[in-house]
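Encoded as structure tokens, the structure appears first; notes follow it.
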Amino acid sequence: VLRGVAVQLSVHDVDIFMSACTSGVSQKALPALSPGERIFSYAYTWDYCLVSDSLGEAASGLNYFEVLNRALHEGNLNKSVRTAVYYTVLAIRAFPGLPVGSRIFRGLSDASVMSLYVAGAMVYWTTFVSTSQDLMVALSFAGNAGIIFDITLNDPDAGSHGCINEVSVFGRGEEEVLLVPNLTFVVSHVVEQSAEHGGRTAIHLVHVRDDTLVKY
505 VLRGVAVQLS
515 VHDVDIFMSA
525 CTSGVSQKAL
535 PALSPGERIF
545 SYAYTWDYCL
555 VSDSLGEAAS
565 GLNYFEVLNR
575 ALHEGNLNKS
585 VRTAVYYTVL
595 AIRAFPGLPV
605 GSRIFRGLSD
615 ASVMSLYVAG
625 AMVYWTTFVS
635 TSQDLMVALS
645 FAGNAGIIFD
655 ITLNDPDAGS
665 HGCINEVSVF
675 GRGEEEVLLV
685 PNLTFVVSHV
695 VEQSAEHGGR
705 TAIHLVHVRD
715 DTLVKY
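Residue numbers are given in this note's numbering: position 214 of the sequence shown equals residue 718, and the series is strictly consecutive.
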């Protein structure tokens, strides 16, 4: 099933991708996941740069996670995309979650989006979003000129995020917390040159639950 999805999404080199995913996931002990959940969640974490730097450069923008998220962002919800979302979301929900109030971090090297995130703005992320429990990991992705999203979770049932170390290609190296698509946040405040965040601009987001609208 994954091969068909990869072909439909125009992943860079499907044979290399499938060989790596099949081999890699077979080395993971994931008894709580179905075969579909295992392979799709593992595939999301895989990157061509793991094979070689040159292949990673050639495949830039055409990794599985990149083409899947691009389709979600553009609203191309064909059967292949829906299949990928189905298995990946099921896997995320099977993994451990974090308590309400936990902070997770996402580093972004492209600071041009910073002007969109003003205090009080509502934010709707349409794609899967990779974050980390480790601020240092986020800082490495942000680089010297990037920004940090400092996200406070409000997810008591852990239905919208999962700690995916067990299935990730990188194990506990990235302390990855993967968010499901279509989550809403509010920008609580923005701190420029935040000392806590290595001098980067920090955009503080609070997860807004869909069932918490209060009418008065």
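All C-beta atoms, glycine included, are put in the ideal place defined by N, C-alpha and C.
Since this is a predicted model, take the numbers as computed values, not measurements.
Here's a check: name, in chain order, each residue in its chain whose Cβ is nearer than 6 angstroms to the Cβ of residue i, leaving out the five neighbours to either side.
| i | result |
| --- | --- |
| S644 | none |
| Q697 | G703 |
| G560 | Y552, C553 |
| P600 | C667 |
| S545 | T592, A595, V671 |
Cutting at 8 angstroms between CB atoms, please list the residues of its own chain near residue i, excluding the five before and the five after it.
| i | result |
| --- | --- |
| N686 | Y628, W629, T630 |
| G605 | T656, L657, N658 |
| V690 | G624, A625, M626, V627, L709, V710, V712 |
Please classify residue i: is it buried, with 16 or more other beta-carbons within 10 angstroms of its beta-carbon, or exposed?
| i | result |
| --- | --- |
| E700 | exposed |
| G624 | exposed |
| H516 | buried |
| V673 | buried |
| H708 | buried |
| A562 | exposed |
| S634 | buried |
| Y617 | Per the sequence shown, residue 617 should be read as Val rather than Tyr. Its Cβ having fewer than 16 others within 10 Å, V617 is exposed. |
Grab me the residues of residue i's own chain with a C-beta within less than 7 angstroms of its C-beta, minus the 5 sequence neighbours each way, in chain order.
| i | result |
| --- | --- |
| R721 | Since the first and last residues shown for the chain are 505 and 720, residue 721 lies out of range. |
| A547 | L506, C525, Y568 |
| V518 | R507, A510, V511 |
From the DSSP output, read off the bridge partner residues of residue i.
| i | result |
| --- | --- |
| A706 | I652, V695 |
| E578 | None; E578 has no bridge partner. |
| H665 | L683 |
| F609 | S636, D654 |
| Y628 | T688 |
| V712 | T688 |
Expressed to the nearest angstrom, what Euclidean distance is found between the alpha-carbon atoms of residue i and residue j?
| i | j | result |
| --- | --- | --- |
| A524 | L566 | 15 angstroms |
| L682 | R574 | 16 angstroms |
| V529 | Y720 | 50 angstroms |
| L612 | M626 | 19 angstroms |
| D661 | E679 | 20 angstroms |
| M587 | Q637 | The sequence given here has Thr at residue 587, not Met. Near 28 angstroms, if we compare the C-alpha coordinates of Q637 and T587. |
| I596 | P535 | 14 angstroms |
| N648 | A642 | 11 angstroms |
| N452 | L513 | Nothing can be reported for residue 452, as the shown portion of the chain is limited to 505 through 720. |
| V589 | P603 | 24 angstroms |
| V585 | E578 | 11 angstroms |
| K532 | M522 | 16 angstroms |
| H693 | L576 | 27 angstroms |
| G732 | V712 | This structure cannot speak to residue 732, because the chain is shown only from 505 to 720. |
Kindly examine the ligand MN and report whether one of its heavy atoms sits closer than 7 angstroms to the Cβ of residue i.
| i | result |
| --- | --- |
| W629 | This structure lacks the ligand MN; in fact it carries no ligand of any kind. |
Kindly give me the distance between the Cβ atoms of residue i and residue j, rounded to whole angstroms, as I take these residues to be in contact under 8 angstroms.
| i | j | result |
| --- | --- | --- |
| I608 | I655 | 5 angstroms |
| G650 | A615 | 6 angstroms |
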